[in-house]
Amino acid sequence: MKNNRFIAIVGCGRLGSHLANHLSRAGNSVVVIDMDESTFNDLSPDFSGFRVHGDATQMAVLKETKANKADVLIATTHEDNVNLMVAQVARRIFNVPHVLARVFDPKREAVYAQLGIDTICPTSVAAKMFLQAVANGTAEREGAQS
Numbered sequence: 001m002k003n004n005r006f007i008a009i010v011g012c013g014r015l016g017s018h019l020a021n022h023l024s025r026a027g028n029s030v031v032v033i034d035m036d037e038s039t040f041n042d043l044s045p046d047f048s049g050f051r052v053h054g055d056a057t058q059m060a061v062l063k064e065t066k067a068n069k070a071d072v073l074i075a076t077t078h079e080d081n082v083n084l085m086v087a088q089v090a091r092r093i094f095n096v097p098h099v100l101a102r103v104f105d106p107k108r109e110a111v112y113a114q115l116g117i118d119t120i121c122p123t124s125v126a127a128k129m130f131l132q133a134v135a136n137g138t139a140e141r142e143g144a145q146s
């Protein structure tokens with residue numbers, strides 16, 4: 001992953017703070033946006049980025065974060081609708097070149113894709129891993145019985 005990029009992260013919960021800490025340590029300029037100021041406590045002491053307390057669905061908050069200068073925007077809130085809205089605004093209004101969003105409902109992945117937004121669906125990812133583990137476990141047992 002290329003460093004020295006300007007990355008905006010919407011949501012500073014477990015996922016957002018983890019990404020922010022990692023991307024900041026890797027040398028990127030990171031800004032994290034969250035409505036709950038206490039979530040910023042999850043950022044590591046060596047986090048060198050910016051914290052913006054506010055609602056990322058508000059244009060003024062995205063302008064404050066200089067979203068128009070972002071190379072990447074990652075929407076990591078727990079709300080699919082919020083992530084979709086913020087991702088669309090980042091893509092269409094602020095022209096962010098690479099927009100990613102977490103989406104919990106696998107049925108919504110296609111909608112995001114049609115809008116040019118890359119998604120990570122924890123539900124789909126976990127399902128694939130479980131199915132792979134089941135298949136691998138079955139194959140191992142079958143091999144042992146032969």
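The numbers in the UniProt record's numbering rise by one with no breaks, and the one at position 134 of the sequence shown is 134. The beta-carbon is built from N, C-alpha and C at its ideal position, and this holds for glycine as well.
Sequence-distant partners of residue 98 (beyond 5 residues in either direction) whose C-beta falls short of 8 Å from its own C-beta, in its chain, are 71, 72, 73 and 118. DSSP, reduced to helix, strand and coil, places residue 104 outside both helices and strands of the structure shown, so it counts as coil. If the five residues before and after residue 29 are omitted, its C-beta is found closer than 6 Å to the C-beta atoms of 6, all from its own chain and listed in chain order.
Checking the DSSP bridge columns, you'll see residue 99 partnered with 73. When C-beta atoms of the region 47-66 are compared with those of the region 20-37, three or more pairs fall below 8 Å, so the two segments count as touching.
Within a 10 Å sphere around the beta-carbon of residue 104 sit fewer than 16 other beta-carbons, which makes this residue exposed. Straight-line spacing of the CA atoms in residue 75 and residue 19 works out to 11 Å. Excluding five sequence positions before and after residue 53, the CB atoms of its chain that fall closer than 6 Å to its own CB belong to 37, given in chain order. Around the beta carbon of residue 102, 16 or more other beta carbons lie within 10 angstroms, which makes this residue buried.
Annotation: the continuous beta strand (DSSP E) that includes residue 51 extends over 50-53. In the DSSP assignment, residue 29 falls within the beta strand (DSSP E) that extends over 29-34. Residue pairing by DSSP places residue 6 opposite 29 in a beta bridge.
Of 62, 56, 44 and 86, the smallest CA-CA separation from residue 115 is found for 86.
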